[in-house]
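Undergrad:
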Ligand code: ADP
Ligand code: MG
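Numbering (UniProt numbering), first residue to last: 1 to 373.
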């Protein structure tokens, strides 16, 4: 039965998608996600968490074990890859080595049977778009890694797919080039308006490029939210630890309220926002970011205060990371801007540290990843 596009549906929808390769282990356990038209969505997670598998199912290169993937309300599980009209860029971009840049770009258009004149015009336009106008007649091995990746990007976009998938497309590039390409990709996304599902294990890349990020672990989405929400309101201890830096310190719950938790950390009373603790939780992890911790004498006007011994300092350049140890043996990192106010401590020196209740969360220590595993 033909299905008509449904304008009330999200552009792309995964509904309870599961995947097993060996009929035993689910590498994607229960994946549901809605992506809006024109949105830049990133799947972010550690290696082996199932990100590539999700993209392969979306592209049609892997079967879905159960569940549904639909585009504009239309299930595509049974649609062959070439009929999905999805642009794909992978890390090990396979440009055709025996074809010039122009021929590589023309390829997706000629298999779609576009006319010669249109192809010529489009190739020129996309070479301009990726800022490689003089390189049309070069072969891939005559280009730098960054240039090759830009050609791969143009080849994925040139047939104007509504949806573009990118799997660690910048993984092989060095840091400077990677940052430049991040800029290029977001520029093209804004300019051309296609929808992106991007995969990376690099959280800085995810935070800078995405409208929303699905944090993935062990085949399960831990949180799907805008970059600032992931950073400022992590849903659980995994996200708190995975996005940015966090001190995750074991503490004992003394009072549970729906929105706040009082806990004892070392011997100090601590007030925190409730992340995902329930009344039954006796232990929690107090999460406080290194840049939210003040050192004495500034620590004294903060809600939560502990005394810890200075261990060592890591000089990072724009900031300094100082390490302290609590009497419980738990280490704490403190980030301070590298300016004249950065104090010098001696090894073993007791230092008062302080942070605001609003700047810390209490989370369930048992990470949700292992639940039901
Ligand atoms: P990621 O992209 O997040 O690193 P993958 O989707 O590549 O994760 O892999 C998820 C899990 O599935 C891993 O344990 C991996 O070994 C397994 N896997 C991936 N591809 C295959 C395959 N073709 N056959 C069998 N197992 C696979
Ligand atoms: Mg992968």
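Just so it is clear, CB atoms sit at the ideal spot from N, CA and C, and this is done for glycine as well.
1) What did DSSP end up calling residue 431 once you bin it into helix, strand or coil?
2) Among residues of its own chain, excluding the 5 on either side of residue 328, which ones have a beta-carbon nearer than 7 Å to its beta-carbon?
3) Between residue 158 and residue 108, which are expected to be in contact by the criterion C-beta below 8 Å, what is the C-beta distance as a whole number of angstroms?
4) Within its chain, find whatever has a CB closer than 6 Å to the CB of residue 290; leave out the 5 residues flanking it on each side and keep chain order.
5) Please determine if the region 292-304 and the region 252-261 are in contact, where contact requires at least 3 C-beta pairs separated by less than 8 Å.
6) List the endpoints of the continuous alpha helix (DSSP H) containing residue 33.
7) Below 8 Å, how does it come out for the region 194-212 and the region 118-126: are there three or more Cβ pairs, yes or no?
8) Between 288, 281, 65, which lies nearest to residue 22 when the distance is taken from Cα to Cα?
9) Is there at least one non-hydrogen atom of the ligand MG closer than 7 Å to the beta-carbon of residue 167?
10) Is the beta carbon of residue 219 less than 8 Å from the beta carbon of residue 70?
11) Given a cut-off of 8 Å on the beta-carbon distance, is the pair residue 353 and residue 306 in contact?
12) If you drop the 5 nearest sequence neighbours on each side, which residues of the same chain put their C-beta closer than 6 Å to that of residue 177?
13) Between which two residues does the beta strand (DSSP E) holding residue 134 run?
14) Give me the Cα-Cα distance between residue 9 and residue 53, rounded to the nearest whole angstrom.
15) Taking only the alpha-carbon atoms, compute the straight-line gap between residue 223 and residue 118 and give it to the nearest angstrom.
16) For residue 280 and residue 268, I'd like the C-alpha separation in whole angstroms.
17) How is residue 352 classed by DSSP in three states: helix, strand or coil?
18) Roughly how many whole angstroms lie between the Cα atoms of residue 360 and residue 236?
19) Would you call residue 41 buried or exposed, if buried means 16 or more other Cβ atoms sit within 10 Å of its Cβ?
20) Under the three-state reduction of DSSP, which class applies to residue 328: helix, strand or coil?
21) For residue 27, verify whether its CB is less than 7 Å away from any heavy atom of the ligand ADP.
22) Comparing alpha-carbon positions, which option in 46, 77, 312, 73 lies nearest residue 61?
23) Just grab the DSSP bridge partners of residue 301 for me.
24) In whole angstroms, what is the alpha-carbon distance linking residue 31 and residue 282?
25) If residue 153 sits next to residue 130, beta carbons under 8 Å apart, how far is it from one beta carbon to the other, in whole angstroms?
26) When every heavy atom of the ligand ADP is checked, does at least one fall within less than 7 Å of the C-beta of residue 53?
27) What three-state label does DSSP hand residue 202 in the structure shown?
28) Taking the runs of the beta strand (DSSP E) that are 3 residues or longer, which of them lie wholly in the region 230-298?
29) For residue 172, collect the residues of the same chain with a Cβ closer than 7 Å to its Cβ; drop the 5 residues on either side in sequence, then sort them by chain order.
TA: In terms of the structure at hand:
1) Given that the chain is displayed from residue 1 to residue 373, the structure contains no residue 431 and the question cannot be resolved.
2) Excluding residues within five positions, the ones whose Cβ falls inside 7 Å are 266.
3) Contact between residue 158 and residue 108 holds, with the beta-carbon distance rounding to 6 Å and staying under 8 Å.
4) Around residue 290: 245, 333, 334, 335.
5) The region 252-261 and the region 292-304 do not touch, with fewer than three beta-carbon pairs separated by less than 8 Å.
6) Here residue 33 belongs to no alpha helix (DSSP H); instead the beta strand (DSSP E) covers 26-35.
7) With a cut-off of 8 Å on Cβ pairs, the region 194-212 is not in contact with the region 118-126, counting fewer than three such pairs.
8) Residue 22 has its Cα closest to that of 65, out of 288, 281, 65.
9) For the ligand MG, at least one heavy atom lies less than 7 Å from the Cβ of residue 167.
10) In this structure, residue 219 keeps its C-beta atom at 8 Å or more from the C-beta atom of residue 70.
11) Cβ distance < 8 Å, so residue 353 and residue 306 count as in contact.
12) The answer, listed in chain order, is 146.
13) Looking at the DSSP string, residue 134 is not in any beta strand (DSSP E), and its letter there is neither H nor E.
14) Their Cα atoms are separated by approximately 24 Å.
15) Their Cα atoms are separated by approximately 44 Å.
16) The alpha-carbon separation between residue 280 and residue 268 amounts to approximately 22 Å.
17) Residue 352 falls in the strand class under three-state DSSP.
18) Cα to Cα, residue 360 sits roughly 12 Å from residue 236.
19) Flag for residue 41 reads buried.
20) In the three-state reduction of the DSSP assignment, residue 328 falls in the coil class.
21) Yes, the ligand ADP has a heavy atom inside 7 Å of this Cβ.
22) Proximity to residue 61 across 46, 77, 312, 73 peaks at 77, based on C-alpha coordinates.
23) According to DSSP, residue 301 bridges with nothing at all.
24) Residue 31 and residue 282 have their alpha carbons spaced roughly 31 Å apart.
25) Indeed, because the Cβ distance is near 6 Å, the residues count as touching under 8 Å.
26) At least one heavy atom of the ligand ADP is nearer than 7 Å to the Cβ of residue 53, so yes.
27) Here residue 202 carries a coil assignment [DSSP, helix/strand/coil].
28) With a minimum length of 3 residues, the continuous beta strand (DSSP E) runs that stay inside the region 230-298 are 247-256, 260-265, 268-274, 283-288.
29) If we look at residue 172 and ignore the five residues flanking it on each side, its Cβ neighbours are 91, 145.
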